[in-house]
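Here is the structure we will look at.
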Amino acid sequence: MVTGQDTGRKGLVVGIWSKLLGQLQSSPKIQYTEVSASAAKERLKVALTYDRNGLEQGTVDSLREELVRLMAEHLDVHTEDVEVNIDQSTGPNRLVASIALRPLRRPRPTAAAATEAR
Amino acid sequence: MAGRVITVTSGKGGVGKTTFSANVSAALAALGKKTVAVDTDVGLRNLDIVMGLENRIVYDLVDVVEGRCRVQKAVIRDKRIDTLHLLPAAQTRDKTAVTPESMEKICAELREMFDFTIIDSPAGIERGFQNAVVGADEIVVITTPHVSAIRDADRVIGLVEAAEKQQISLVVNRLQPDMVRRGDMLDIPDMLEILSIPPLGIIPEDESIVTSSNKGELATRMPRSVAGQAYKNIARRILGEDVPFMSLESSESLLQWLKRMLKI
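Those protein sequences? They're chains A and B, same order as listed. Just so you know, we're using the numbering used here here: the first sequence kicks off at 1135 and counts up by one. Just so you know, we're using the numbering used here here: the second sequence kicks off at 3 and counts up by one.
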């Protein structure tokens, strides 16, 4: 017959053992997992910048899409060429759109064309 | 007398406004300052039960606002620390029973009666929050190292800065030093950088907060409570003393542990 005390003691032993095992298993893991505090800091910084300026990140994303569509009528731009950021470096905060220009790819003269020109 | 009125607020609920209000009030009172803790969470009052004064309420804040009694009559005197008092909130009404104008008037009265008036704000940024901050000279924003609490703290700081010219300071509650060391919890410098207001105190995660509030006792009156010590340090900083921030490397050093074991 198993008394209440016995099960209690058994439970304690199991508890300590699993705790030890847990320690052994989890301690090396900690070194490999990415620390989460830096992720928290980065996410907060971005979220608070938008909060403080009364903007939604999704709104800025769709604004970027629309900018690209509008500019594409005149320029060769793609979504990945456009960055829209909140600039807090000077005076009142500004929403800054920066458009990377694509270098023109001039068609290489063919050998035939080159000889003709000569 | 021209006392100081300090409002404790956070935006987010459950970060420790009530525990802070109760313990810092008790610590200020224990330092000989005539102090009143005011619960402005009308409809969801809790400061009374945390302070262990829930069975002594006769009149409340709304009774004062609606003219059924003078503020002196609604204030309860704590029997453990005779300089400690509580002005409880009403439980069966809602936030609209109090207006910012009436709170300003009550704060002006309390300022004449007490060295310190500590106002416990409800969660949120609506009427209850406005009631709590309108009559204050200083604002303490309390947060935990969680992204949700920090974001809400930032919102509250923005609202206070936009509306008033009150002095604002930051308290970080429930810090877990071992998690900070592993890089899994935001550290104090990170939070100060993000929120950019001066620090008033850091309170480590501590089980004695649960056990003391279970009994209606105050952690500041428990000699071994680390959080209680942090609250006492904050009270002294409020009084202008230059108290260094607690070393959070370990909550108790080996030497302190030995001393405690040997009772020296």
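Even for Gly, the Cβ is constructed at its ideal location relative to N, Cα and C.
Quick check on I127 (chain B): does DSSP put it in helix, strand or coil? coil
Kindly provide the ranges of any beta strand (DSSP E) runs that are 3 or more residues long and lie completely inside the segment 185 to 226 of chain B, ordered along the chain. 201 to 206
Any idea if C71 (chain B) is buried or exposed, counting beta-carbon neighbours within 10 angstroms, 16 or more meaning buried? exposed
Could you work out which residue in B:S198, B:T222 and B:E195 is closest to I205 (chain B) when comparing CA atoms only? B:T222
Straight-line CA distance for R153 (chain B) to Q1191 (chain A)? 15 Å
Residue closest to I159 (chain B), alpha-carbon to alpha-carbon, out of A:V1180, A:K1175, A:A1173 and A:D1185: A:D1185
N-terminal and C-terminal residue of the alpha helix (DSSP H) that V52 (chain B) is part of: Per DSSP, the unbroken alpha helix (DSSP H) holding V52 (chain B) starts and ends at L49 to M53.
Using the rule of at least 16 other Cβ atoms within 10 Å of the residue's Cβ for burial, across every protein chain shown, is L89 (chain B) buried or exposed? The residue is buried, with at least 16 neighbouring Cβ atoms inside 10 Å.
Are there 16 or more other CB atoms within 10 angstroms of the CB of Q132 (chain B), so buried, or fewer, so exposed? buried
Report, in whole angstroms, the separation of the C-beta atoms of D2 (chain B) and D43 (chain B), which I expect to be a contact under 8 Å. The structure shown does not extend to residue 2 (chain B), since chain B spans only 3 to 266, so no value can be given for it.
Which of the residues in the segment 177 to 191 of chain B, read from start to end, lie with their CB under 9 Å from any CB of chain A? Under the 9 Å Cβ criterion, the segment 177 to 191 of chain B contributes M181, V182, R184, G185, D186, M187, L188 and D189.
A24 (chain B) beta carbon less than 8 Å from that of L49 (chain B): yes
What would DSSP say about K118 (chain B), mapped onto helix, strand or coil? Lys is not the amino acid found at residue 118 (chain B); the sequence shown has Phe there. Of the three classes helix, strand and coil, the one that applies to F118 (chain B) here is strand, per DSSP.
With 16 as the cutoff for other CB atoms within 10 Å, does R1240 (chain A) come out buried or exposed? exposed
Am I right that I144 (chain B) and S27 (chain B) are in contact with their C-beta atoms under 8 Å? What's the rounded C-beta distance? About 14 Å; that fails the 8 Å criterion.
Collapsed DSSP secondary structure at I108 (chain B) in the structure displayed: helix
Of the residues B:A110, B:R129, B:L63 and B:V77, which one's Cα is nearest the Cα of E138 (chain B)? In the sequence as displayed, the identity of residue 138 (chain B) is Ala instead of Glu. For the residues B:A110, B:R129, B:L63 and B:V77, the minimum Cα distance to A138 (chain B) belongs to B:A110.
Taking only beta-carbon positions, decide if L1201 (chain A) is within less than 8 Å of chain C. Within the model displayed, chain C is absent; protein chains A and B are what it includes.
Could you tell me which residues DSSP pairs with L88 (chain B) in its beta bridges? B:A39 and B:I78
Within chain A, the residues that D156 (chain B) reaches when beta carbons sit closer than 8 Å: L1182, D1185 and R1186
So, is the C-beta of V1194 (chain A) closer than 8 Å to a C-beta in chain B? no
So, is the C-beta of R82 (chain B) closer than 8 Å to a C-beta in chain A? no
I'd like to confirm the pairing. Which residues does DSSP put opposite S171 (chain B) in its beta bridges? Its beta-bridge partners are B:V142.
By DSSP's criteria, S1232 (chain A) is part of a beta bridge. Which residues make up the other side? Paired residues: A:E1217.
C-alpha distance - D275 (chain B) paired with A92 (chain B), whole-angstrom precision: Absent from the model: residue 275 (chain B). The displayed extent of chain B is 3 to 266, so no value can be given.
Compute the Euclidean distance between the alpha carbons of M193 (chain B) and L241 (chain B), then round it to the nearest angstrom. 24 Å
Which residues in chain B have a C-beta closer than 7 Å to the C-beta of S1170 (chain A)? List them in chain order. D186
Please report how far the alpha carbon of L188 (chain B) lies from the alpha carbon of V73 (chain B), in whole angstroms. 42 Å
Does the segment 164 to 175 of chain B come close enough to the segment 74 to 86 of chain B that 3 or more CB-CB pairs lie under 8 Å? no
Indicate whether at least one CB of chain B lies closer than 8 Å to the CB of L1178 (chain A). It does: the Cβ of L1178 (chain A) has a partner Cβ on chain B nearer than 8 Å.
Thinking C-alpha only, which one of B:E195, B:L220, B:S214 and B:P246 is nearest K1179 (chain A)? Ranking B:E195, B:L220, B:S214 and B:P246 by Cα distance to K1179 (chain A) puts B:E195 first.
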